[in-house]
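Numbered per full-length UniProt numbering, the sequence shown finishes at 171, counting up by one with no gaps. Ideal placement from N, C-alpha and C gives every residue a C-beta, glycine not left out. These figures come from a predicted structure and were not determined experimentally. The next block holds one structure in the form of structure tokens; read it before the comments.
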Amino acid sequence: MKTEGPSAESLTDIYQARPGEPSPWTAITDQVMGGVSTAEVMQDGRYGSACTCLTGRTSLENNGGFVQMKLEIEPAWPCAEYAGFFIELCGPAHDYNLNVKTTQLDKPWQSFRCTLPVEPEWTRFVVPYAQLSPHRTDAELDPAKIRSVAVIAIGEAFDVDVCVRRFGFFK
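Here it is as structure tokens:
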């Protein structure tokens with residue numbers, strides 16, 4: 001799932017970090033459901049690259065335990081014309097989830113997801129749609145209905161520090 005994959009010509013960027021440009025990624029925490037985790041999203045420079053970083057702390061108090069940085073996908077984007085996603089991440093070694101939301105899902109806890117082992121060097125993860133597992137749903141992923149993606153720290157208390165410099169689709 002990582003570094004091996006399609007050639008550069010097969011990649012289509014949705015997001016590429018650039019110094020001085022605002023980030024379209026937004027932070028969401030378990031505070032929306034009574035948790036006490038904290039997070040912020042900020043533009044930064046890590047390992048020689050401009051990037052957007054999610055930093056904070058997940059807490060399991062009050063039935064919480066997640067923070068995320070989320071990117072909305074334009075409804076007109078032809079997601080079904082692609083085979084999957086690619087994302088370039090770095091940060092202290094830890095697992096994070098890549099969660100995908102579609103218009104098929106009507107509960108906030110539902111998603112399609114996979115786990116990405118982030119390392120302290122830039123790593124390109126190539127994620128075919130088929131590698132996204134349904135979470136708390138019986139639906140099968142319909143790429144034409146994708147509405148957002150998120151990098152999520154979930155399920156354990158820890159200091160969150162993960163950065164993205166590119167995100168997009170591959171054919």
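Going by beta carbons, Val162 and Leu71 fall outside the 8 Å limit.
Collapsing the DSSP output to three states places Ala83 in coil. Non-local C-beta neighbours of Ser10 in its own chain, meaning closer than 6 Å and more than five positions away in sequence, comprise Phe170 and Lys171, ordered along the chain. With contacts defined by Cβ atoms closer than 8 Å, Thr52 and Val67 do not form a contacting pair. About 22 Å separates the beta carbons of Val118 and Ile146, which is beyond the 8 Å limit, so they are not a contact pair. The C-alpha of Gly65 lies about 7 Å from the C-alpha of Ala157. Within the same chain, Cβ atoms closer than 8 Å to the Cβ of Phe86 are found at Gly5, Pro6, Leu11, Arg124, Phe125, Val126, Val127, Arg166, Phe167, Gly168, Phe169 and Phe170, the five residues on either side in sequence being excluded. Asn63 has no beta-bridge partner at all, per DSSP.
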